[in-house]
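Please read the structure below before turning to the comments.
Residue numbers (the working numbering): 672 to 920.
Below you can see the structure in the form of structure tokens.
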């Protein structure tokens with residue numbers, strides 16, 4: 672599933688569509704496609720793992736899910752979920768969820784939870800985490816209401832950077848470590864964005880899909896952890912398990 676940095680890159684790629692009139696909208700999305708025709712794309716926004724195509728009075732939300740793809744000024748075989756054509760540009764979205772929503776996207780989302788947003792509020796994230804005492808760190812990092820845009824790659828790499836075991840309980844994290852976690856989530860998200868832009872992401876990853884720990888040189892572990900049963904990769908040696916015995920009983 673594309674994570675926040677990849678969607679931010681997509682938003683930037685779609686900038687040429689901003690201010691352009693939709694000549695034709697087609698596809699098999701279950702929305703009123705005719706409503707888009709002749710309307711001006713007033714803005715292109717990204718929020719976590721979502722891309723917004725904004726019009727006057729309504730907007731289109733696209734979520735690429737696990738296997739969604741897109742083509743700009745190009746086409747794949749088969750019918751797209753959504754195709755938008757302007758006088759010079761065309762965007763095709765495939766295998767994704769497309770929703771037409773009324774109103775303004777700016778009014779309907781908590782932008783201060785988006786780890787890549789200028790409105791990101793680290794103090795709010797810290798406060799929210801402190802209230803999630805019984806949760807595992809691996810779960811809260813993937814909670815889109817707390818860290819909007821974070822996915823499995825960011826989660827694994829951040830936990831490796833701050834040396835926290837994914838099964839650690841939020842309540843057991845020292846205050847200093849919790850603050851470090853929140854800070855590094857945003858830092859790494861921008862590193863991800865910069866590396867992805869330069870096609871250098873994979874070579875800069877330290878733990879995700881790696882067989883050995885880059886620090887210890889010993890085999891990494893994988894195990895289904897947390898509510899979503901995601902498969903994290905971690906080092907059981909250098910990533911510290913923070914656990915409150917009272918809460919684990």
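We put the beta carbon where it would ideally sit given N, CA and C, even for glycine. In this text, all values refer to a predicted model and were calculated from it rather than measured experimentally.
Anticipated Cβ contact below 8 Å, residue i with residue j, distance rounded
{"i": "residue 829", "j": "residue 859", "result": "5 Å"}
{"i": "residue 713", "j": "residue 704", "result": "The Cβ separation is near 18 Å, so there is no contact."}
{"i": "residue 837", "j": "residue 726", "result": "With a Cβ gap of about 41 Å, residue 837 and residue 726 do not count as contacting."}
{"i": "residue 800", "j": "residue 817", "result": "7 Å"}
{"i": "residue 826", "j": "residue 903", "result": "7 Å"}
{"i": "residue 755", "j": "residue 707", "result": "7 Å"}
{"i": "residue 699", "j": "residue 732", "result": "Wrong, their Cβ atoms sit about 17 Å apart, outside the cutoff."}
Local Cβ density within 10 Å of residue i, reported as buried at 16 or more and exposed below that
{"i": "residue 910", "result": "buried"}
{"i": "residue 718", "result": "buried"}
{"i": "residue 888", "result": "exposed"}
{"i": "residue 720", "result": "buried"}
{"i": "residue 869", "result": "exposed"}
{"i": "residue 758", "result": "exposed"}
{"i": "residue 849", "result": "buried"}
{"i": "residue 674", "result": "buried"}
{"i": "residue 690", "result": "exposed"}
{"i": "residue 864", "result": "buried"}
{"i": "residue 922", "result": "In the structure displayed, the chain extends from 672 to 920; residue 922 sits before or after that span and is not available."}
{"i": "residue 684", "result": "exposed"}
{"i": "residue 794", "result": "exposed"}
{"i": "residue 776", "result": "buried"}
{"i": "residue 822", "result": "buried"}
{"i": "residue 745", "result": "exposed"}
{"i": "residue 899", "result": "exposed"}
{"i": "residue 897", "result": "buried"}
Proximity of residue i and residue j at Cβ, strictly below 9 Å
{"i": "residue 784", "j": "residue 819", "result": "yes"}
{"i": "residue 729", "j": "residue 772", "result": "yes"}
{"i": "residue 762", "j": "residue 742", "result": "yes"}
{"i": "residue 686", "j": "residue 715", "result": "yes"}
{"i": "residue 676", "j": "residue 834", "result": "no"}
{"i": "residue 802", "j": "residue 853", "result": "no"}
{"i": "residue 688", "j": "residue 735", "result": "no"}
CB contact check: residue i to chain E, cutoff 9 Å
{"i": "residue 770", "result": "The chain labelled as chain E is not found in the depicted structure, where only one protein chain is given."}
**Asked** Are there three or more Cβ pairs, one per stretch, closer than 8 Å when the stretch 752-767 is compared with the stretch 796-810?
**Response** no
**Prompt:** Would the stretch 864-875 and the stretch 834-848 be scored as touching if the rule is three or more Cβ pairs under 8 Å?
**Reply:** no
**Prompt:** In chain order, which alpha helix (DSSP H) runs of at least 4 residues are fully inside the stretch 822-907?
**Reply:** 823-832, 846-868 and 872-875
**Item:** Those runs of the alpha helix (DSSP H) which lie wholly inside the stretch 732-805 and span at least 4 residues
**Value:** 793-801
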